[in-house]
Every structure is written in C-alpha cells, then in structure tokens.
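No gaps in the numbering here: position 233 of the sequence shown is 226 in my numbering, and each next residue is one more.
The next block holds one structure in the form of structure tokens; read it before the comments.
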Amino acid sequence: MSVERLRVLREFADRGTIAAVATALSMTPSAVSQQLKVLAKEAGVALLEPDGRRVRLTDAGRALVVRADEVLAAMDRAVAEMANYRGSPRGRVRVALFPSAGSLLLPLVLSALAGSGVELVASDVDLPPSEVTRLLADFDVVLTHRDERAAPIADPRIAVRLLMREPIDVVVAPFHRLAGHASVIPGELADETWLSVRGGYPIDDVLRSIATQTGVQPRIAQRLNDFRVIEALVISGYGVSLMPRYSVSHPDLSLLRLTGVRAARMFELATRPRAERSPAIAAVLAAFHDAAASVVAESAPRSTAQREK
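Given below as structure tokens:
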C-alpha cells in the first residue's frame, strides 16, 4: 500500500469529509476520492461506505487507519532519528493549547527549548477534549483540560499523558463577607451572583456540582472565558467566581478552598501513539512536564501565604 495514500486515509479519519481532506492536502476532491479508491483496491476490501449524502469509514477502514497511524509515525521517527545523527533533536513541533495554559506554561517551555534546535509553534485553541482527534490532524501535541471527575480520552489513536492537577478555588473581592476565610462549603454560596465561563469547561462543571449540593440554581451574571476579565469584575464587586488556583493573578483577590466538592481541572497532553519516539516531540513533552512541576512547586507556598494574609 502507498504511504501517501495511507496519509490521505488518515486525513479522512481526522477531518470527516472528502472536501476537508482536499483543502488540508491542497488536492481536488476528485483526486482525494481517487486516492481512496486505489487504496481500497490495494487493501482488497471496501474502506468507505455511504452515509447519507457523504461517506464514512467501514470497520475495515477504521482498522486500517490505526495501522496507518503506526506506519506514518514510523516514517516520522525515521526522519527524526536521521536528524539525531546530525546532532541534537531538531525540527518543528506544532502545539495547540488552551489560553490559560499558554499564559501559565508556555514561557517556561520556550525558555527550556531555547537553543535546542527544536522550534515550537504554538496556537491558542480553547476546545473541549472531544475535539482532540480533529486537532491532531494539524498539531503534533494538544494540551487540553477536563474536570477531574470526567473520564480521560479513550481512543486507540490518541496517547494521553497527565501533566498536572490544578485545584479550582472560589475567588472573592477583599471586601466580600467571605474574604480571608481559608475555605468555604457549597451551602455558603447558594445566594451568590456568579461570574463563570461558558458551558462545557471544567469550571462550569464544578459550578453545576455546587448547584446539585445546594439545590439552588446558580445566578450567573456573566459568562466569559477570559480569566483576566473575570478577575476585574470580581475585584469590582460584580460577583464571585471559580478560578483555577495557579491562574489567579490579581494580588487582592481572596482565594477560598472549596470543600465538599471535587474541584480541579486536569491538564493532559495528547499526541499520536508513540509520538514521543520523535526526539523533537519528546523534548517538547519533557519541557511541558518540567514547566508544570515548576508551576506547582512555586504556587504551593504562594497559595499558603495568600490564605494566611
């Protein structure tokens, strides 16, 4: 089977339509269809079947995609290993990560990779874990986050590595009645006005858990995904919020540990299986793990001091 036709098949598995594959590979839709027809002849089995006005992978097609991942990963490793013989790990690694993770980790990661020969090209993409498969069509590494009660991604075409756990705290203005408390229980928050994020993200999941425990539907004044804007509104007295502990930047905000509810978001790095065999990708993954360990170590004493203030 042709390696390039296997690549076309993988693109179809990732993108879902002939038109999307054609755009990604700078081909015409008819050329993509022809390549997949030839691959089916090479495989000796139907790889696509009708699905309304479109087509989808057959069971055999999905099985071949898994093998295509392995073949293409082996080709990428061969290129990377030859680069290794020329010196240190080299190459461009494309990374997608959600914005607050970029603020928290990216400066440390780029600093660690400086002078290594590895070029990291980052894009801020705030999408839920369900979009990881699609993102891996365009990126080598995807940093995503989920509520700690949610199951991790389970897909044979995706390798997931836990990066870190970030607690989610309640944040209030310095003049709020709860300011200065070390912790708070859901019942104490039933009458609050909330500033939250859009639905589908870990913070919103925690807020729904609070509602379940209190039996009171939260009064949400604003839904914003920019934590700096949320901080500005909290400090101005427009409500309280839930925020990831390491992402809080305003020095006057009071952080309260939420008790009685599992409240944290899990950072996870997603790649193709065995992608770490590429020296360049391995260097990027190691830099992210080191950056996360540094953030956790630095934030622990700072959080303690803030609560004691």
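Think of the CB as a built atom: it goes at the ideal place given N, C-alpha and C, for glycine as much as any other residue.
Since the structure is predicted, the reported quantities are computational estimates derived from the model, not experimental observations.
For residue i, the first and last residue of its enclosing alpha helix (DSSP H)
| i | result |
| --- | --- |
| Val102 | 92 to 106 |
| Leu226 | 220 to 228 |
| Glu4 | -4 to 8 |
| Arg255 | Element bounds for Arg255: n/a, residue is neither H nor E. |
| Arg127 | 125 to 128 |
| Leu18 | 11 to 18 |
Extent of the continuous beta strand (DSSP E) run through residue i
| i | result |
| --- | --- |
| Ser247 | 247 to 251 |
| Gln215 | 212 to 216 |
| Val164 | 152 to 165 |
| Thr304 | Since the first and last residues shown for the chain are -6 and 302, residue 304 lies out of range. |
| Ala115 | 111 to 117 |
| Thr322 | This structure leaves residue 322 out entirely; the chain is present only between -6 and 302. |
| Pro237 | 233 to 237 |
Proximity of residue i and residue j at Cβ, strictly below 8 Å
| i | j | result |
| --- | --- | --- |
| Asp131 | Pro195 | no |
| Leu251 | Ser189 | no |
| Leu136 | Phe91 | yes |
| Val64 | Ala53 | no |
| Val134 | Leu278 | yes |
| Ala89 | Ala284 | no |
Buried/exposed call for residue i, threshold 16 Cβ in 10 Å
| i | result |
| --- | --- |
| Ala286 | exposed |
| Leu200 | buried |
| Gly253 | exposed |
| Met259 | buried |
| Phe281 | buried |
| Leu262 | buried |
DSSP-derived helix/strand/coil call for residue i
| i | result |
| --- | --- |
| His376 | Coverage of the chain is limited to positions -6 through 302, which leaves residue 376 absent and any answer about it impossible. |
| Ser202 | helix |
| Glu301 | Confidence is the limiting factor: at Glu301 the pLDDT is only 49, short of 50, which leaves the residue's position unreliable and the question unanswerable from this model. |
| Val38 | coil |
| Pro272 | helix |
| Ala143 | coil |
| Leu65 | helix |
| Thr21 | coil |
Residue-chain proximity (residue i, chain C), Cβ-Cβ < 8 Å
| i | result |
| --- | --- |
| Ala73 | Annotation note: the requested chain C is absent from the structure, which comprises a single protein chain. |
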